[in-house]
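Numbering (the working numbering), first residue to last: 90 to 496.
Idealized CB from N, CA, C, for every residue including glycine.
First comes the structure, then the notes that go with it.
Set out below in structure tokens:
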């Protein structure tokens with residue numbers, strides 16, 4: 090990388106709503122390490138926001154411009170911007186093709202992605218500002234990608250407190266307050282009480298939301314809180330002694346609502362219940378299912394007890410076939426068999442079509458010997474101790490019965 094290049098002019102600072110811009114290629118070289126196969130292009134100025142401050146970068150296109158303004162841009166030679174990084178003030182555009190130094194280009198950012206990030210980052214400032222004002226907690230972690238927006242706070246928050254903060258945040262959004270981003274002088278900065286996630290040096294960009302938040306931030310934001318649209322807390326978890334929240338703002342909140350509405354509609358349909366009564370209907374279904382499972386377990390226990398009495402009491406080696414018996418009951422059955430029979434005792438659980446799980450035991454001997462024979466004859470998989478082995482195999486019941494009768 091050409092680290093001797095001058096600092097890149099950040100057009101997104103002055104014009105966060107810009108979608109296209111013109112610039113000149115200062116250098117182009119092959120990408121290194123995680124960017125192998127890509128081309129590292131440095132421009133004199135850019136609208137592309139790099140990965141910085143916990144936010145993923147802008148993506149888009151760089152299109153070579155003709156030498157004469159009367160000629161159309163060469164769209165066939167455009168390159169896609171796949172990643173954007175910043176180092177020592179120089180912004181690196183990692184692209185899927187090269188561009189020659191001194192080439193004039195038109196840059197075009199993925200505006201939907203940019204605006205989505207702006208909505209969610211501004212929403213995070215609103216919520217974090219309220220958390221800081223109400224509880225004094227710091228935002229000690231922030232991650233904004235195309236799928237998630239998460240914040241880590243330095244102290245615990247209850248569900249009730251988060252609900253109140255969420256309501257307050259949306260009232261600020263509906264107030265449509267102006268969001269200001271500026272670079273105060275050193276003297277002005279010294280007088281400001283502002284939040285910052287890390288130690289800062291050089292010019293500091295301050296994002297201010299009146300009566301809500303003052304925070305150092307390098308990212309583009311919407312002009313007014315109303316553009317955030319809506320803020321919804323999606324997930325809450327305890328994290329390192331504090332609280333981690335996942336939120337969605339704007340179109341992300343709408344998309345999340347649509348996904349959940351679709352699921353609720355399907356559940357409501359399956360339960361033949363109105364949506365507002367779906368939880369109650371599901372709870373009743375689960376209670377009915379538990380009662381049915383209890384009845385089934387009792388019936389299975391009775392059937393298993395009956396099957397055990399059908400075994401030949403004079404036989405040394407015996408095997409039992411069941412379907413749908415839980416492993417604990419199956420193990421208990423094998424123990425009962427071993428107490429009544431001197432040879433190999435085996436219980437198979439399953440069917441010819443689905444295969445069988447099994448438990449082997451022997452009162453006086455080594456169950457592993459029979460387990461190895463099952464592996465050799467039926468490609469069984471499993472193991473255990475001399476007293477008991479377990480595993481699984483695929484075979485017919487008739488073949489297994491014939492195998493046991495030949496022992």
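Original post:
What do you get for residue 92, buried or exposed, if any count of 16 or more other CB atoms within 10 angstroms of its CB means buried?
Top reply: Caution is warranted here: a pLDDT of 49 is assigned to residue 92, below 50, making its placement in the model unreliable, and the coordinate value is therefore given only provisionally. Exposed, by the Cβ-count rule.
Subject >> Cβ-Cβ distance between residue 175 and residue 136 below 8 angstroms >> reply: Contact: no.
**OP:** Starting from residue 141, follow its DSSP beta bridges and name the residues at the other end.
**Re:** DSSP, once it has assigned bridges, lists 144 as partnering residue 141.
**OP:** Pick out whichever of 145, 490, 192, 187 has its Cα sitting closest to the Cα of residue 173.
**Re:** Comparing Cα-Cα distances from residue 173 to each of 145, 490, 192, 187, the minimum goes to 145.
Original post:
Is it the case that the Cβ atoms of residue 262 and residue 336 are separated by a distance below 8 angstroms?
Top reply: No, Cβ-Cβ distance for residue 262 and residue 336 is not below 8 angstroms.
Subject >> DSSP beta-bridge partners of residue 128 >> reply: Listed as beta-bridge partners of residue 128 by DSSP are 119, 184.
Original post:
Looking at the unbroken beta strand (DSSP E) that takes in residue 441, where does it start and where does it end?
Top reply: DSSP places residue 441 outside any beta strand (DSSP E), giving it a letter other than H or E.
Original post:
What residues match up with residue 193 in a beta bridge as DSSP calls it?
Top reply: Answer is 113.
Original post:
By the 10 Å Cβ neighbour count, where 16 or more other Cβ atoms means buried, how is residue 490 classified, buried or exposed?
Top reply: Exposed is the call here.
**OP:** Report the residue from 313, 408, 118, 469 whose alpha carbon sits nearest the alpha carbon of residue 450.
**Re:** Nearest of 313, 408, 118, 469 to residue 450, Cα basis: 408.
Subject >> Start and end residues, alpha helix (DSSP H) containing residue 256 >> reply: Unbroken alpha helix (DSSP H) run through residue 256: 248-264.
Subject >> Coarse secondary structure for residue 98, derived from DSSP in three states >> reply: If DSSP states are grouped into helix, strand and coil, residue 98 belongs with the strands.
**OP:** Could I get the ranges of all uninterrupted beta strand (DSSP E) runs contained in the stretch 457-488, with 3 residues as the minimum, in chain order?
**Re:** List check, beta strand (DSSP E) in window: 470-473, 477-482.
Original post:
Any idea if residue 210 is buried or exposed, counting beta-carbon neighbours within 10 angstroms, 16 or more meaning buried?
Top reply: By the 10 Å Cβ count, residue 210 comes out buried.
Original post:
According to DSSP, which residues form a beta bridge with residue 174?
Top reply: The partner list for residue 174 (beta bridge, DSSP) reads 181.
**OP:** Go through its chain and collect everything with a Cβ distance to residue 111's Cβ below 6 angstroms, but skip five positions before and after it.
**Re:** So the qualifying residues of the chain are 195.
Original post:
Taking DSSP as the reference, what is the three-state secondary structure of residue 237?
Top reply: Of the three classes helix, strand and coil, the one that applies to residue 237 here is coil, per DSSP.
Subject >> Residue from 116, 272, 120, 134 with nearest C-alpha to residue 109 >> reply: Ranking the options by Cα distance to residue 109, first place goes to 134.
Original post:
Considering only C-alpha positions, which residue in the set 284, 201, 152 is nearest to residue 229?
Top reply: Answer by Cα proximity: 284.
Original post:
Which whole-angstrom value is the C-beta distance of residue 251 and residue 311, which I expect to be below 8 angstroms?
Top reply: About 23 angstroms; that fails the 8 angstroms criterion.
**OP:** Report yes or no: do the stretch 237-254 and the stretch 266-280 share at least 3 C-beta pairs separated by less than 8 angstroms?
**Re:** By the C-beta criterion, the stretch 237-254 is judged not to be in contact with the stretch 266-280, since fewer than 3 inter-stretch pairs fall below 8 angstroms.
Original post:
What span of residues does the alpha helix (DSSP H) with residue 292 cover, start to end?
Top reply: Run containing residue 292: none; DSSP gives neither H nor E here.
Subject >> Closest residue to residue 192 among 167, 339, 141 (Cα-Cα distance) >> reply: Nearest neighbour of residue 192 by Cα position, chosen from 167, 339, 141, turns out to be 167.
Original post:
How about residue 241 and residue 331: do their beta carbons lie closer than 8 angstroms?
Top reply: Yes, these two residues count as a Cβ contact at 8 angstroms.
**OP:** Consult DSSP for residue 405 and reduce its assignment to one of helix, strand or coil.
**Re:** If DSSP states are grouped into helix, strand and coil, residue 405 belongs with coil.
Subject >> Rounded distance between the beta-carbons of residue 471 and residue 481, thought under 8 angstroms >> reply: Confirmed, about 6 angstroms.
Subject >> Residues near residue 377 by beta carbon distance below 7 angstroms, same chain, minus five either side >> reply: In its own chain, leaving out the 5 sequence neighbours on each side, no residue places its CB closer than 7 angstroms to the CB of residue 377.
**OP:** Could you please give the first and the last residue of the uninterrupted alpha helix (DSSP H) stretch that includes residue 303?
**Re:** For residue 303, there is no enclosing alpha helix (DSSP H); the residue is found in the beta strand (DSSP E) stretching over 302-305.
Subject >> Nearest-angstrom Cα separation, counted from residue 295 out to residue 307 >> reply: CA-CA distance, residue 307 to residue 295, rounds to 8 angstroms.
**OP:** Quick one: give me the first and last residue of the alpha helix (DSSP H) that residue 281 is part of.
**Re:** Per DSSP, residue 281 belongs to no alpha helix (DSSP H) and is neither H nor E.
Subject >> Separation of residue 201 from residue 207, as counted between CA atoms >> reply: When the Cα atoms are used, residue 207 and residue 201 turn out to be separated by approximately 10 angstroms.
Original post:
Do you know offhand how far residue 90's Cα is from residue 365's?
Top reply: Low local confidence applies: a pLDDT of 43 at residue 90 is under 50, so the model's placement there is unreliable, with the coordinate-based value given in what follows. Near 58 angstroms, if we compare the C-alpha coordinates of residue 365 and residue 90.
Original post:
DSSP on residue 92, reduced to helix/strand/coil?
Top reply: Confidence in residue 92 is poor, its pLDDT being 49 and thus under 50, which makes the residue's placement unreliable; the coordinate value appears in the next sentence. Per DSSP, reduced to three states, the secondary structure at residue 92 is coil, with no helix or strand assignment.
**OP:** To the nearest angstrom, report how far apart residue 219 and residue 258 are at their CA atoms.
**Re:** One alpha carbon belongs to residue 219, the other to residue 258, and they sit about 7 angstroms apart.
Original post:
Taking buried to mean at least 16 other C-beta atoms within 10 Å of its own C-beta, is residue 317 buried or exposed?
Top reply: By the neighbour-count rule (16 or more Cβ atoms within 10 Å), residue 317 is buried.
Original post:
What distance in whole Å lies between the Cβ atoms of residue 101 and residue 309, which are believed to be in contact at a cut-off of 8 angstroms?
Top reply: Sure, about 5 angstroms apart at Cβ, within 8 angstroms.
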